[in-house]
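Peer 1: Quick note on the UniProt record's numbering: the sequence shown kicks off at 1 and runs consecutively.
Just so it is clear, CB atoms sit at the ideal spot from N, CA and C, and this is done for glycine as well.
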Amino acid sequence: MCTAVEKGVIYRRNDPGTTREEWCNWPDMPFEEMDNTLNVQQYIQQCIHKDPSDVDTILKVPPGQEEGVWKYEHVRQFCMQLNGLTLLLQCSAIDYTRHTLDGAAALLNSNKYFPSRISIKESSIAKIGSVCRRIYRIFSHAYFHHPELFENFETETHLCRRFTVFVKKYNLMANEHLIVPILEQKLNHP
1 MCTAVEKGVI
11 YRRNDPGTTR
21 EEWCNWPDMP
31 FEEMDNTLNV
41 QQYIQQCIHK
51 DPSDVDTILK
61 VPPGQEEGVW
71 KYEHVRQFCM
81 QLNGLTLLLQ
91 CSAIDYTRHT
101 LDGAAALLNS
111 NKYFPSRISI
121 KESSIAKIGS
131 VCRRIYRIFS
141 HAYFHHPELF
151 ENFETETHLC
161 RRFTVFVKKY
171 NLMANEHLIV
181 PILEQKLNHP
């Protein structure tokens, strides 16, 4: 079982032996009721788990949430999910892909630039655009060199579409660098 109930409290964790069907299968919680230091990450993952295709809801900033933390947590989530695509790639670019994601993770976990996940300095926010440009190269490589793999992954996760909407919304990348026509096309859905 993935949730433990004690005196009406639901513990949001997956216990050892949790089946795939039970994984993260606990009731949704409003953002305002999430009172831990990882509440933004938890909320984003909850929205993705509920409906990965609902990009607008996933990217909608909850009232009162600091925008810098919101951006930071989304970029962390993109990196975590993008690992699912890179595991499928079998090509010479795999070393670059791993290096890019490892570098992004190292920067996002750096105490020098991101000492807190509760409040983020403006100077650190500038690093997010650089990370976005680097990880977008993985999407474009997969789209142009592994189209079937890309389409299957995108149909399931909507990750490139969500990433593209995210970077456009926050002006983290110039439009001319967004070369995957993800917003203009409809992917085949099962």
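Please report how far the alpha carbon of leucine 183 lies from the alpha carbon of valine 165, in whole angstroms.
Peer 2: The residue labelled residue 183 in the question sits at position 183 within the sequence shown. The residue labelled residue 165 in the question sits at position 165 within the sequence shown. C-alpha separation (whole angstroms): 8 Å.
Peer 1: What separation, rounded to the nearest whole angstrom, lies between the Cα atoms of glycine 17 and aspartate 51?
Peer 2: The sequence position of residue 17 within the sequence shown is 17, counting from 1. The sequence position of residue 51 within the sequence shown is 51, counting from 1. Distance from the CA of glycine 17 to the CA of aspartate 51, rounded to the nearest whole angstrom, comes to 25 Å.
Peer 1: Could you tell me whether the Cβ atoms of phenylalanine 150 and tyrosine 143 are closer together than 7 Å?
Peer 2: Translated into the one-based positions of the sequence shown, residue 150 becomes position 150. Translated into the one-based positions of the sequence shown, residue 143 becomes position 143. Their beta carbons are under 7 Å apart, which means phenylalanine 150 touches tyrosine 143 by this criterion.
Peer 1: Would you call the stretch 71-84 and the stretch 104-114 in contact, with 3 or more CB pairs under 8 Å?
Peer 2: yes
Peer 1: Take the Cβ of threonine 97 as the centre, count every other Cβ of all protein chains shown within 10 Å, and call the residue buried at 16 or more, exposed below.
Peer 2: Taking the first residue of the sequence shown as 1, we reach residue 97 at position 97. Result: buried.
Peer 1: Give the range of the alpha helix (DSSP H) segment to which asparagine 133 is assigned.
Peer 2: Locating residue 133 in the sequence shown gives position 133, where the first residue counts as 1. The question names asparagine, but residue 133 is arginine in the sequence shown. Arginine 133 -> alpha helix (DSSP H) spans 122-145.
Peer 1: I need the DSSP call for lysine 60, collapsed to helix, strand or coil.
Peer 2: Counting from one through the sequence shown, the residue named residue 60 turns up at place 60. Lysine 60 falls in the coil class under three-state DSSP.
Peer 1: Could you tell me the distance, in whole angstroms, from the CA atom of arginine 133 to the CA atom of alanine 126?
Peer 2: For the purposes of this step, residue 133 is taken as the residue at position 133 of the sequence shown. For the purposes of this step, residue 126 is taken as the residue at position 126 of the sequence shown. Their Cα atoms are separated by approximately 12 Å.
Peer 1: Determine whether the beta carbon atoms of arginine 161 and valine 55 lie at a separation below 7 Å.
Peer 2: Mapped onto the sequence shown, residue 161 falls at position 161. Mapped onto the sequence shown, residue 55 falls at position 55. Their beta carbons are under 7 Å apart, which means arginine 161 touches valine 55 by this criterion.
Peer 1: Put isoleucine 118 into one of helix, strand or coil per three-state DSSP.
Peer 2: As a position in the sequence shown, residue 118 is number 118, starting the count at 1. If DSSP states are grouped into helix, strand and coil, isoleucine 118 belongs with coil.
Peer 1: If tyrosine 136 and lysine 71 are in contact, beta carbons under 8 Å, what's the gap, nearest whole angstrom?
Peer 2: For the purposes of this step, residue 136 is taken as the residue at position 136 of the sequence shown. For the purposes of this step, residue 71 is taken as the residue at position 71 of the sequence shown. That belief does not hold up - the Cβ atoms of tyrosine 136 and lysine 71 are roughly 15 Å apart, past 8 Å.
Peer 1: Just reading off the alpha helix (DSSP H) that methionine 80 is part of, what are its end residues?
Peer 2: For the purposes of this step, residue 80 is taken as the residue at position 80 of the sequence shown. It spans 67-86 - the alpha helix (DSSP H) in which methionine 80 sits, taken as one unbroken run.
Peer 1: Should serine 140 and valine 180 be called a contact, given that it needs their Cβ atoms to be closer than 7 Å?
Peer 2: By one-based count along the sequence shown, residue 140 stands at place 140. By one-based count along the sequence shown, residue 180 stands at place 180. Yes, they are a contact pair.
Peer 1: Excluding the 5 residues preceding and the 5 following leucine 178 in the sequence, name in chain order all residues of the same chain whose CB lies nearer than 8 Å to its CB.
Peer 2: Taking the first residue of the sequence shown as 1, we reach residue 178 at position 178. Result list for leucine 178: Tyr136, Thr164, Val167 and Lys168, in chain order.
Peer 1: Give the range of the alpha helix (DSSP H) segment to which isoleucine 182 is assigned.
Peer 2: For this step, residue 182 is matched to residue 182 along the sequence shown. Unbroken run through isoleucine 182: none, as it is neither H nor E.
Peer 1: Helix, strand or coil for tyrosine 170, going by three-state DSSP, please let me know.
Peer 2: As a first step, residue 170 must be located in the sequence shown, where it is residue number 170. Of the three classes helix, strand and coil, the one that applies to tyrosine 170 here is coil, per DSSP.
Peer 1: Where does asparagine 39 sit, in a helix, a strand or coil, going by DSSP?
Peer 2: As a working note, residue 39 is residue 39 in the sequence shown. It is helical.
Peer 1: Quick test of your reading: glycine 68 and isoleucine 120, contact by CB under 8 Å. State the CB separation rounded to the nearest angstrom.
Peer 2: The residue labelled residue 68 in the question sits at position 68 within the sequence shown. The residue labelled residue 120 in the question sits at position 120 within the sequence shown. Confirmed, about 4 Å.
Peer 1: Within a Cβ cutoff of 7 Å, which residues of the same chain sit near aspartate 95, ignoring the five residues on either side of it in sequence?
Peer 2: To locate residue 95, count along the sequence shown from 1; it is residue 95. Cβ neighbours of aspartate 95 beyond the five flanking positions: none.
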